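Comments concern the structure below.
Numbering (the numbering used here), first residue to last: 275 to 567.
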């Protein structure tokens, strides 16, 4: 292994791929018992936890296929390794480790890793360079809405055929007590809580599949000026924390913009057919379940 690295001890990660530099840091928050990672630079943003952990694992498992010890061959090769394809630095409480990855002649199939000037030059699989060079979008949390489902207390839904507002009155229905999700304009109407929970989860979890435009631009060409659906989420602090707008459908994808990611994207269009009408949210009565004669 090129680095002596325990990914669980990593506190900060700096990735430099000229002209890009990305800095990630580990927070004290936990996600499924693991510390949560966030992006500090070039933008403050939520990170894709799986993508970051996979990157750290690839870095931890970076293996030398061979090595060149300090000497004439080492010195001659060092002169050729002037511009790294990537430079990665991992910071831990015990210090930091840096590895530079080089591929001076891609046609040769040779790739090299360098840690310190007096260490061997390691021959590595060129695939490692691809595995360890990720653009910002690949490392970002791709959920478009911008707020976790369990943080939503109010969700305004507007489609071309319907519109309604859901209010979360608590953790879930309890016997003899009105609780869980209700409609803002019909709070006494009993809703199917499982249907609502699934819908909220789908809206909050909808990820961007493809990036179309890095920064927000004209919306009309993508159907976003007169959207097929809009979702606006309010957090526990009473402020709007999430917004998702869906435009024109193209095949199995739909153009989308969201508070969670700057730019214009395409997301899976299933969300359009999975958005329930107001009536779809009503709890089924015994007669509804049996069917009307």
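Glycine is no exception: its CB is placed at the ideal position from the N, C-alpha and C atoms.
These figures come from a predicted structure and were not determined experimentally.
query                                                                                                                                          : result
Assigned exposure category for residue 549 - 16 Cβ within 10 Å defines buried                                                                  : buried
Short Cβ contact (8 angstroms threshold) for residue 515 with residue 395                                                                      : no
Bridge partners - residue 425, DSSP secondary structure assignment                                                                             : Answer by DSSP bridge pairing: none, since residue 425 is not bridged.
Cβ contact check for the segment 471-490 and the segment 410-424: 3 or more pairs under 8 angstroms                                            : yes
Stretch pair the segment 540-555 + the segment 455-470: three plus CB contacts closer than 8 angstroms                                         : yes
4-residue-minimum alpha helix (DSSP H) runs that sit fully inside the segment 460-490, ordered along the chain                                 : 467-479
Minimum C-alpha distance to residue 293 - residue among 332, 316 and 541                                                                       : 316
Residue from 356, 473, 512 and 309 whose Cα sits closest to the Cα of residue 544                                                              : 473
Assumed close pair residue 369, residue 427 - CB separation to whole angstroms, cut-off 8 angstroms                                            : In fact, because the Cβ distance is near 44 angstroms, the residues do not count as touching under 8 angstroms.
Cβ shell of residue 457 (< 8 angstroms), same chain only, five flanking positions each side left out                                           : 438, 439, 440, 441, 463, 465, 552 and 555
Identity of the residue in 535, 397, 487 and 534 nearest residue 378 by Cα                                                                     : 397
Pairwise C-alpha distance: residue 403 and residue 383                                                                                         : 12 angstroms
Residue range of the alpha helix (DSSP H) that includes residue 551                                                                            : Taken as a continuous stretch (DSSP letters only), residue 551 belongs to no alpha helix (DSSP H), as it is neither H nor E.
Residue 436 - containing beta strand (DSSP E), residue span                                                                                    : No beta strand (DSSP E) holds residue 436; DSSP gives it neither H nor E.
Contacts around residue 523, its chain only, beta-carbon distance under 6 angstroms, and the 5 residues preceding and following it disregarded : 543
Sequence-distant residues of its chain with Cβ nearer than 6 angstroms to residue 303 (five each side left out)                                : 310
Neighbour-count burial assignment, residue 424, 16 or more Cβ in a 10 Å radius                                                                 : exposed
Three-state secondary structure assigned by DSSP to residue 385                                                                                : strand
Residues near residue 405 by beta carbon distance below 6 angstroms, same chain, minus five either side                                        : 332
Beta strand (DSSP E) segment containing residue 404, residue limits                                                                            : Segment 401-406 is the alpha helix (DSSP H) holding residue 404; no beta strand (DSSP E) there.
Continuous beta strand (DSSP E) assignments of at least 3 residues falling wholly in the segment 299-341                                       : 308-315
Alpha helix (DSSP H) segment containing residue 411, residue limits                                                                            : 410-413
Classification of residue 392 by the beta-carbon crowding that lies within 10 angstroms, buried from 16 upward                                 : exposed
DSSP beta-bridge partners of residue 509                                                                                                       : 426
Distance between beta carbons of residue 336 and residue 385, contact taken as under 8 angstroms                                               : Not confirmed; about 11 angstroms, so no contact.
Sequence-distant residues of the same chain with beta carbon closer than 6 angstroms to residue 313, five excluded per side                    : 298, 319 and 321
CB-CB length for residue 342 against residue 355, believed under 8 angstroms                                                                   : Wrong, their Cβ atoms sit about 11 angstroms apart, outside the cutoff.
Where residue 546 sits in the DSSP three-state scheme                                                                                          : helix
Same chain, Cβ closer than 8 angstroms to residue 295, neighbours up to 5 away in sequence not counted                                         : 288, 289, 315 and 316
Nearest neighbour of residue 279, chosen from 353, 363 and 348 [CA to CA]                                                                      : 363
Residue 281 to residue 490 span [Cα, whole Å]                                                                                                  : 36 angstroms
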